[in-house]
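Those sequence lines, one after another, are chains A and B.
Sequence positions in the first sequence follow numbering that gives the first Met the number 0 and run 0 to 253.
Sequence positions in the second sequence follow numbering that gives the first Met the number 0 and run 0 to 253.
2 protein chains.
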Amino acid sequence: MVAFRQGGNAVPNSFCVHAMLDQSTVSNRLLAHLSRDDFALLAPCLTPLDLYRDYVLAIPNTPIGDVYFIESGMVSVVAEKADGRSIEVGIYGRDGFGPGTVLLGSEQTPHHHYMQIGGTGFKLSTKDFLQVTGKSAPLRTVMMRFIHVFMTQTAQSALVNGSSVIEERLARWVLMCRDRLETDEFPITHDFLSMMLGVRRSSVTDAIHLLEGDALIKATRGNIRILDRVRLERAAGASYGVPEAEFRRLIGPL
Amino acid sequence: MVAFRQGGNAVPNSFCVHAMLDQSTVSNRLLAHLSRDDFALLAPCLTPLDLYRDYVLAIPNTPIGDVYFIESGMVSVVAEKADGRSIEVGIYGRDGFGPGTVLLGSEQTPHHHYMQIGGTGFKLSTKDFLQVTGKSAPLRTVMMRFIHVFMTQTAQSALVNGSSVIEERLARWVLMCRDRLETDEFPITHDFLSMMLGVRRSSVTDAIHLLEGDALIKATRGNIRILDRVRLERAAGASYGVPEAEFRRLIGPL
DNA sequence: TACAGTTGGTCCGGTACCGCACACAGGCCC
DNA sequence: GGGCCTGTGTGCGGTACCGGACCAACTGTA
């Protein structure tokens, strides 16, 4: 779980919970890259919580009450068509926060945000988040830059959905997941992947077999393990890398 | 062209060009929806210019010198893969400005921005833009909200690229184009459309024939005319409408 | 140990779209 | 007029992926 030191007594007041958090122990990249002062501004508002699988961070077209910083696990951002078909337009984990739209002047998002892979994180109320970001321009800039990176990721999804075969898109997804989880192995079913990629479940099975055939990954029931990261990147081809490079350029190492 | 009154002499100084512009005559929706004061802040920095077809507003991964507000015509935002394949991730016209990334703390964008259909607009230097948006929170909010809408559009592109047939996607594109041009007829070739949609040129021809067969559009050499807007929306199905609704909710009527 | 629920492997016919190629038509310049 | 470029119509074989179904294998609970 998360490092968490109480300063005095952790009583919520009208504005923030006075919980003292040690910046050197957080694994969220945005929080870690904040200046000491900016972190001190934000930390008292953060409430650590367990983000179990399927935990809902945001419901489409519904006021966003809380903003989340992820420490571990992974969030899927999913767009849904009126006819019921849906597809993942982006993911974030310890590299970011969400839903970012609150910083763009929209108290709603048209997308689902939910934990695809369980983990932990912090939450703070939208109100507190806007108040704190309103106080510090550098802090706001870090958050904005993440939004830019996330937008790039969404654009990349649009690109590969329209121009890459499933095998490549799967390789991309696995790599993106790895980047955010720090592990080579994570729980995921073919069924979920089929929703993420917007394809048929058995097409995912086929694509997994292709990657397994090249000894890039090893799939077991409800689980995928990466065997050869470098060659997996090669398999993803031009699908993978653009938003990741933007992250490093603007924020820092993943 | 664009209504343009000079106040005194239009000499550039170190900060802004002092050109007086009448808010009631601009057709850009963002500029039109600004408060009188915010408009007065921005207007002196705006230089009107002709945005001819293929005019480049932004080159990928290159510092953005100028920001543009579109008065007429249409911009394509295109993502390109390392293997050369590219696809449109969004469009904007008199509904917006670009490249929005400068407001998100990135002086670059990974995407191409260029005039797909020629028109007119205003430009101002990135420096001026940031200075002005730094002065007024309400003005910044309007710009941010447009970025949110554009992000929604990109996400919608990801969704339909992965889950809709070409005919539907073409119908969506034509409708989006119409929304931004105020005309039912506009110049576009099958070849360009094939790049936008990320499909084969002859697949576009086929899709056009399908829509023509239902008397929804009429295509002539290098030109498309909308015959029945309502039924065209029906043909686009669930592909069309989400970002448009966000625009109306957050900014105002198109 | 039996059962139920979940997950994965596989097979079917069907089709949307691909890559490529070639012919033809509209509009322009000499 | 003749030549030329750009844009459009069309055809052919190939394939990636679809929708749907069924069964086998694994896993948790009784």
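All C-beta atoms, glycine included, are put in the ideal place defined by N, C-alpha and C.
Asked	Found
From V88 of chain A to A235 of chain B, what does the alpha carbon distance come to, in whole angstroms?	20 Å
Determine the contact status of S238 of chain A and R177 of chain A, defining contact as a CB-CB distance below 8 Å.	no
Can L123 of chain B be considered in contact with the ligand MG, in the sense that its beta carbon sits closer than 7 Å to one or more heavy atoms?	In terms of ligand content, the structure shown is empty, and the ligand MG therefore cannot be addressed.
Between D167 of chain A and chain B, is there a C-beta pair that is closer than 8 Å?	The amino acid occupying residue 167 of chain A in the given sequence is Glu; Asp does not appear at that position. No, no contact with chain B.
Report the neighbours of L342 of chain A on chain B: residues whose CB is nearer than 8 Å to its CB, in chain order.	The first residue shown for chain A is 0 and the last is 253, placing residue 342 of chain A beyond what the model contains.
Please report how far the alpha carbon of R84 of chain B lies from the alpha carbon of G161 of chain B, in whole angstroms.	16 Å
Can a CB atom of chain A be found closer than 8 Å to the CB of S156 of chain B?	yes
Which residues in the same chain as A2 of chain B place their Cβ atom closer than 8 Å to its Cβ, once the five residues preceding and following it in sequence are excluded?	Per-residue confidence for A2 of chain B stands at a pLDDT of 40, beneath the threshold of 50, marking its modelled position as unreliable; the derived number appears in the next sentence. Same-chain partners within the cutoff: L20, D21, T24 and V25.
By the 7 Å beta-carbon criterion, what residues does the stretch 80-114 of chain A contribute toward chain B?	K80, A81, D82, R84, I86, V88, T100, L103, G104, S105, P109 and H110
How do the stretch 103-122 of chain A and the stretch 67-75 of chain A stand: do at least 3 beta-carbon pairs fall below 8 Å, yes or no?	yes
Can you give the beta carbon distance from P62 of chain A to Q107 of chain A, rounded, assuming they're within the 8 Å contact cut?	6 Å
Counting only runs that start and end within the stretch 74-155 of chain B, where is the alpha helix (DSSP H) found for 4 or more residues in a row?	125-134
Kindly list, in the order they appear in chain B, the residues whose Cβ is closer than 8 Å to that of M143 of chain A.	L102, L103 and G104
Following the continuous alpha helix (DSSP H) through A235 of chain B, name the residue where it begins and the one where it ends.	R228 to A235
Please confirm if A78 of chain A has its CB atom under 8 Å from at least one CB of chain B.	yes
With F128 of chain B and V159 of chain B assumed to form a contact (beta carbons below 8 Å), what rounded beta-carbon distance in angstroms separates them?	Not a contact, Cβ separation roughly 31 Å.
Jot down the residue ranges of each uninterrupted beta strand (DSSP E) in the stretch 151-221 of chain A, minimum 3 residues, whole runs only, in chain order.	184-186 and 216-219
I want to see whether chain A comes within less than 8 Å of V16 of chain B, judged by CB atoms only; does it?	Summary for V16 of chain B: the model assigns pLDDT 47, below 50, so the residue's position carries little reliability, and this model does not support an answer.
For D21 of chain B, report the span of its alpha helix (DSSP H) as first-last.	D21 of chain B -> no alpha helix (DSSP H), and no H or E assigned at all.
Label P252 of chain A either buried or exposed according to how many other C-beta atoms from any shown protein chain fall within 10 Å of its C-beta, with 16 as the threshold for buried.	exposed
Relative to the C-alpha of L226 of chain A, which residue among A:V198, A:I216, A:R233 and A:F38 is closest?	A:I216
For R224 of chain B, write down the residues that DSSP places opposite it in a beta bridge.	B:E184 and B:K217
Quick one: is E292 of chain B near chain A, going by C-beta distance under 8 Å?	In the structure as shown, chain B begins at 0 and stops at 253. Residue 292 of chain B is therefore absent and cannot be evaluated.
Determine the closest residue to D190 of chain B out of B:I223, B:E184 and B:L48, with distance taken between C-alpha atoms.	B:I223
Once you ignore the five residues that flank I165 of chain B on each side, which residues in its own chain have a CB closer than 6 Å to its CB?	V198, S202 and A206
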